[in-house]
Structures are given as structure tokens and as C-alpha cells.
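Step one of this worksheet: look at the structure below.
Number of protein chains: 2
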Amino acid sequence: MTSHTVRVALPGDRGADRSYDIAVGQGVLATVGPRLIAAGATRAVVIADAAVAESHGRRVRESLDAAGLETLAVDVASGEGSKAASELVRLWVALSEAAVDRKTHIVAVGGGVIGDLAGFVAATYVRGLGVWHVPTTLVAQVDSAIGGKTGINLPTGKNLVGAFWQPRGVFSDIDTLATLPTREFLSGLAEVVKYGVIRDEAFFDWLEQHQADIVAADAQALHHIILVSSRHKAEVVSQDEHETSGLRAILNYGHTFAHAFESATGYGHFLHGEAVSLGMAAAARLACRLGRIAPALVERQDRLLANLGLPIDFVAVARDLKTDDLLAIMRRDKKAISGKLRFVLPTRLGHVELVDGIEPQTVADVLEGNA
Amino acid sequence: MTSHTVRVALPGDRGADRSYDIAVGQGVLATVGPRLIAAGATRAVVIADAAVAESHGRRVRESLDAAGLETLAVDVASGEGSKAASELVRLWVALSEAAVDRKTHIVAVGGGVIGDLAGFVAATYVRGLGVWHVPTTLVAQVDSAIGGKTGINLPTGKNLVGAFWQPRGVFSDIDTLATLPTREFLSGLAEVVKYGVIRDEAFFDWLEQHQADIVAADAQALHHIILVSSRHKAEVVSQDEHETSGLRAILNYGHTFAHAFESATGYGHFLHGEAVSLGMAAAARLACRLGRIAPALVERQDRLLANLGLPIDFVAVARDLKTDDLLAIMRRDKKAISGKLRFVLPTRLGHVELVDGIEPQTVADVLEGNA
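Sequence order for the protein chains is A and B. Take the first sequence: its letter number 112 is residue 111 in numbering that gives the first Met the number 0, and every next letter is one higher. Take the second sequence: its letter number 304 is residue 303 in numbering that gives the first Met the number 0, and every next letter is one higher.
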């Protein structure tokens, strides 16, 4: 199978082009070394999730070695717990002990946790090192590895600390998905469905027609969904890199509810994509309750999500939690301004809008199944 | 006395102007509140050096309160020890407990340590908050508060972690210098003399002619040196914000030696400006040894620095340290590339160049007084 390239177009910084390529395909891991050499790197620090350090991480290091780069490997324990200040400081010290200079680039191998952590390390060490993402989970390939959001959690909240730091390139190798646990693979599909709902009716249709191939992890189907998802993410990021115009906010469809479900259940109960699936189901119901979409679209989205093995019964989830607690969490959302409730809601399949000032009682009705 | 404004011109980010003003004069602290209101802030977190929290910090908070901003105060212990990861994490958590959102701005009140630390907190909390600098030391007013360099130290080295994060504005109130210990005040003059040597022969002349007024901390003389220094720093930063073209590197005149003296003696033995003065004396001698300038200029710079109460006898300092150790430190400098020695050296008064590939033995000769 061939590989494809998606360009993330960004404004330059005084002559230096910041645009970058996402390589999507089978075997693109082997191209990491030559790409870093072409970008002027002389050394590379491979920061890998310990779970894939000896599989995908080793293949990346072999590519770097073969290209003639001096390579250092630092492994990070799997799981959200590594996205913490203590791990950040450990990596900073590891780089300083390796006498890293500005010709050294960081290569992040793993899922969203590794990409966010290693990206933030790259953003802040000697005021900025080049970073390359090698996402090895579906959710990282279709979403988190693209767009330059980096950061860590605090005990007081998720993603409270971070920086915008665009990678120099992204390598989405479909072969890496073969080793992904099924539940983790399926959870990545929530963000894929999201692109259909927020921007691309034809893609939503395609997903409906290829449900079986997707769930079976057919290589051609995976290639297509990663490529289309990457294009959508790249286009949105190109137009609103720093989330200033409001456009990038459409990517948060389902996420205000999702964060509340994740936070109220304690992170780790749901995978992020599962929470996003529940959140999209709730957001569609809210949009319907507000008269923005017809019930048929709510059901159509529910059906696709369910057929892809994703949870949609947010009412059952909310029943175990307190509605007031969920509302309080939503009011504390990082994107909330002065405590007002704000949601990204569809107006039709393939189009969403940012809607401000929604009554808490309306949201409570939706969560309690009274909508 | 009136106040003056120096503009730091920067390229915009998608329509948002990033340029900012430095207000220089007596009483500019009282203008902090109205300026933040004009910039759209609704809350302010004042991060102040504990030594000035109840004097200058309180005046800043009063200005913010009077302008109608909700204000929170966080004090930081004086000294370089606060520029550390532990303090960074403490401030991140303090902001999260205060439920800081993107309409909250940071106001940093103190010297270089506070500006670097609070600036880095602002750069990284919720991926970036507005920050305003209220420098209360001479070295911060003429140098560190301008230009967006922020960061912390690691146990393994100084300023290894950080980000470029431009402030929204700088308030250099000359009144704050009245309470500065004499030694700290005088050390700030090293960076002032530096601007004369690297960019401005007429300013160097002026400094020679007004030595007595400067050392006596005459308000008009201070106003002039802060204003001229701010203009030089602003011009260089405008032309090379991220240190990519090499221009900004001229600000490191004397600093490669200075860092070696500071590191070898343990930070805290010399004030930064004292080390810079020694470093400039050594750099001028090196330039002379390389035939780039005449001995008369070395002596002229030595005389001005000494008359301003600054140390110049770098040979005596180096005698107590090992030349090899000093050279090893210089080779590890963050700006070194692949271990080569590189210095900013004058070619005439008011002009410097970046000189690569200097023989370690030549540097050793200079340090040992054999040049």
C-alpha cells in the first residue's frame, strides 16, 4: 500500500516555514530517520511509551541509527499518570544530563499521553527543540498528534499546563495499530465520527457504509479514515492555530460533556474516546431539545457510534453521577468564560456552531433523559 | 518628571498585535491598573518578590484594585533559588486553585528571577496567559524584563527550561530603584555599558561624561540610561525575536565569560552584572589579542566599568579557578554548537560581531593574563 501526505499549512516565523507534513500509510516508521536528517537534526532523543518502546520505538531508533543520527532513548510508563509535573521534570533533567543542544530533536512514540508530554518537554527545553510525533494509537493518529497542543495535568485538573508547539512532522503508521487492544482501537473511532458530524456529511455516509470493514480493522479502511481525519484536523488547525478565532473550538464537539463524564468518574474509568462518544450522544440530544436538529439525526449518530462499538447511553452514566456535580464541572471548563455554559452543537449533519449561554436546567433535562 | 514610552515592535499573530509598550518614568506603577483594564483583563494575579511585596507590590495591587480588577497576590521568596521547578509547580497549582481563566493576567513585580519565573508560568498556564512586567531592579528594567525570555533553572544548569513569551507591557518605575541595595544597583550598570559597546558610541561617551550622576542615582540620569537601554533592547528584540538570525546574540557580549565565572564560583558569589562586567573586560582583552581592537579601547571600557563601581580584574578571578574548568563550562554553553567556542567581540566602539571557532589556548592566555 502506498503512503499519503497531508500538509498542515501554517504561517512562517520570519522566513522559517512552520508548515509540516503528516505521513499516513504502512511502513512510514522507516522514513523517520531520513526526514530528521533532511531537517538538519544531528541527534535524536526518542521518548517512547514503555509499552511500545521495544516494538515501534525500536523500529524508530533503527531508522534513526541507519540514517546516521546519534540516538538516545528515554521510556515513559504507560498511562495518564505520566502526564504529570514530576515526569516533566525527570525528562528535563534527562535531557540536560545528555547535554542536549538545539540540533537535537525529540521523537515521541506512543499515544496521546506521550505526545502531549514529550511535545511539552520539546516546547520548553532550551526554549524549544524540534519535535516529531510517531502516534501509535488511533486517537493520536486522527487527533492528538496533529495541531501542536502539548501539556500536562495538575492534581487540580487536566491539561491545565501546556503550550502550543507544532511538530516538525507526524508519522502515522497503520501497522502500529495492529497491536492496539480492541477497546482502545474502537475508542479512537469516536473522534473519526466527530469529523463527519462537524464538517463532512459525505464522510459520515462513508463510515456508515464501511462499518464492518472499520471494526475489522481492514487496512484500506483504516488508511482512508486516518487520511480523511488528518485532513480535517490539519485544515482546522491551519485556520485557527491558537484557538483565537473560535473555529478550532468546533473540534470540541461532545467534549464539554465528555470532560464532565471523565472527571466525575475519575479519569481512567472511560477511555477518552468512549467519553467523547457519550458526549456526542448527549450534545446531539441537547441540540435536538433546542430545536436545532431533528430527532432522526440524533438516532442516526447514535446508531453509527453503537455499531462501531462505542457507548452512547449517557443517561445511564449520568444516573450514577449527580447532575449538579456534572454541571459544576462543565462550568469550570478551561474554555468557559466567566462560568457560562457553552457547547458546540450541530445544526445539520456536517455543520456545527458554538452556542453560548445555555440554561443549566436544559442541560440537566438532557442528562436526566427528560429531553 | 514625565514618563516616556518605548515600543517593542513585533509581528502580529493572525490579526492580534503582539507589539507592546515599555513605560519609563517616575510614578508609572500607578498606571498598571488602567492599562490592564484597557487590555481586557478582568482579574490579575500579582506574583511579587517577597522583599518588595509590601512596598512596590502593594502599590501595584492598589492600582489594580482602584481600576476595578479582582486581584490575587502570590509572593515568591527572594533569590535565584526560586527559579526552580518546585516553585513553578507551586505557582501552577496556586493558579488552578484560584480558578484562573484566560481573562486573568499575570503581573510580575520584582527583579530578573521573578520576571523569568512568572513569565514562564504565564507562558504555560492554560497554554498562555497575558503577562505584564513591573521590574524593580535596574538590571530587570534595562534588560531582563524586555524581550520575552522566560524560564527556570535545573539542578544541572541555569535557564535550561523556558519559553519565549512576550509581555503585554512593561512598567519601569524609577522610584522603585531608590530602595535597591547599592551593590545590586551598580551591578545593573554593566548591561547599560554593554549597550554602548555593542551598538551606541554616543551613549558610551554620555556614560563617561555622567559617571558621577549615575553612581549618585540622580533621577534624570537614571531616566536617560533606562530609556536608552530599553530602546536598544527593544530594537534588537524586534529584529530577532527568537534568536534565529544571530542579531540577538550580540546581547550576549561578555556573557560567555560571565556564565563561566558564575558557574565556576557557584551562583550567588557574583551578582550577574558583576560577572558581566568581568566578562566584558575579558572579551575586550580577547578581541584585542585577536587584533580586532586597539588596547586603548580595552582600557577605556575598563575605566568606565571601574568608575561605575564594577569589577574588572578577571585575571585575579580566573587565578582562583582552573582555566580548564572555565573552558569546559564555556564549551557547554547553551548557545554553543557542537562544542565550539564562540564569542561576541567588538571591532570598534559601538559595533560587535559573532566570532566562531576561537582556539581554547587563546582564551586560556587571556584568562591567565598572558594577552
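Where a beta carbon is used, it is the ideal one built from N, C-alpha and C, also for glycine.
Asked	Found
Measure the alpha-carbon distance for B/His376 versus B/Ala144 and round it to whole angstroms.	Any answer about residue 376 of chain B is impossible in this case: the structure gives chain B only from 0 up to 370.
Which residue from A/Gly150, A/Gly109, A/Gln219, A/Gly267 puts its Cα closest to that of A/Gly118?	A/Gly150
According to a CB-to-CB cut-off of less than 8 Å, which residues of the stretch 151-185 of chain B neighbour chain A?	Leu153, Pro154, Thr155, Gly156, Leu159, Val160, Gly161, Ala162, Phe163
Cβ closer than 8 Å: which chain A residues qualify as neighbours of B/Ser81?	Result: empty, since nearest Cβ-Cβ is about 16 Å, beyond 8 Å.
Alpha carbon to alpha carbon, how far is A/Pro294 from B/Val169?	55 Å
On a CA-only basis, which of B/Arg17, B/Ala47, B/Ile21 is nearest B/Thr4? Give me that one, please.	B/Ile21
Can you name the residues of chain A whose CB is closer than 8 Å to the CB of B/Ala122?	Ala162
Give me the Cα-Cα distance between B/Lys157 and B/Ser85, rounded to the nearest whole angstrom.	15 Å
A/Ala280 to A/Leu303, Cα distance in whole Å?	11 Å
State buried or exposed for B/Gln300, treating a residue as buried only when at least 16 other CB atoms are found within 10 Å of its CB.	buried
In three-state DSSP terms, what is A/His3?	strand
Output, in chain order, the set of chain B residues within a Cβ distance shorter than 8 Å of A/Trp91.	Ala84, Leu153, Leu159, Val160
What residues match up with A/Phe342 in a beta bridge as DSSP calls it?	A/Val354
Taking A/Asp390 as the reference, which of A/Thr103, A/Leu307, A/Pro166 has the closest Cα?	This structure does not reach residue 390 of chain A, given that chain A is present from 0 up to 370, and the question cannot be answered.
Which chain B residues sit within Cβ distance under 9 Å of A/Asp12?	Pro10, Glu240, His241, Thr243
Exposed or buried, which one is A/His268 when buried takes at least 16 other CB atoms within 10 Å?	exposed
Would you kindly work out how many angstroms separate the C-alpha atoms of B/Trp205 and B/Val227, rounded to a whole number?	11 Å
For A/Asp172, which residues from the same chain have a beta carbon less than 6 Å from its beta carbon, with the 5 sequence-adjacent residues on both sides left out?	Val27, Leu28
Can you list, in chain order, the residues of its chain with a C-beta nearer than 6 Å to that of A/Leu326? Leave out the 5 residues immediately preceding and following it.	Pro359
Among residues of its own chain, excluding the 5 on either side of B/Ile225, which ones have a beta-carbon nearer than 8 Å to its beta-carbon?	Val23, Leu137, Gln140, Val141, Ser171, Ile173
Taking just the CA atoms, how far does B/Arg34 sit from B/Leu296?	44 Å
Closer than 8 Å between beta carbons: that is the criterion. Which residues of the stretch 127-147 of chain B meet it against chain A?	Gly127
DSSP state of A/Asp16, grouped into three classes?	coil
Given that a residue counts as buried once 16 or more other Cβ atoms are within 10 Å of its Cβ, and exposed if not, what is A/Glu190?	buried
Does the beta carbon of A/Leu395 sit closer than 9 Å to a beta carbon anywhere in chain B?	Absent from the model: residue 395 of chain A. The displayed extent of chain A is 0 to 370, so no value can be given.
I'd like to know if A/Ala15 contacts chain B, where contact means its C-beta is closer than 9 Å to some C-beta of that chain.	yes
Identify whether A/Glu69 lies in helix, strand or coil by the three-state DSSP scheme.	strand
Give me the Cα-Cα distance between A/Ala233 and A/Thr255, rounded to the nearest whole angstrom.	22 Å
Quick check on A/Asn251: buried or exposed, where buried means 16 or more other Cβ atoms within 10 Å of its Cβ?	buried
Our contact map puts A/Val160 next to A/Val108 with C-beta atoms below 8 Å; I'd like the distance itself, whole angstroms only.	About 22 Å; that fails the 8 Å criterion.
From this set, A/His132, A/His209, A/Arg89, A/Val351, which residue's C-alpha is nearest A/Ala76's C-alpha?	A/Arg89
For the beta strand (DSSP E) containing B/Ala43, name the first residue and the last one.	42-48
Closest by CA to B/Thr178, which one among B/Val51, B/Ser62, B/Val130?	B/Val51
Is the stretch 30-48 of chain A touching the stretch 60-75 of chain A in the sense that three or more CB pairs, one from each, lie closer than 8 Å?	yes
Between the C-alpha atoms of B/His222 and B/Leu176, what's the straight-line distance to the nearest angstrom?	11 Å
Given that a residue counts as buried once 16 or more other Cβ atoms are within 10 Å of its Cβ, and exposed if not, what is A/Lys321?	exposed
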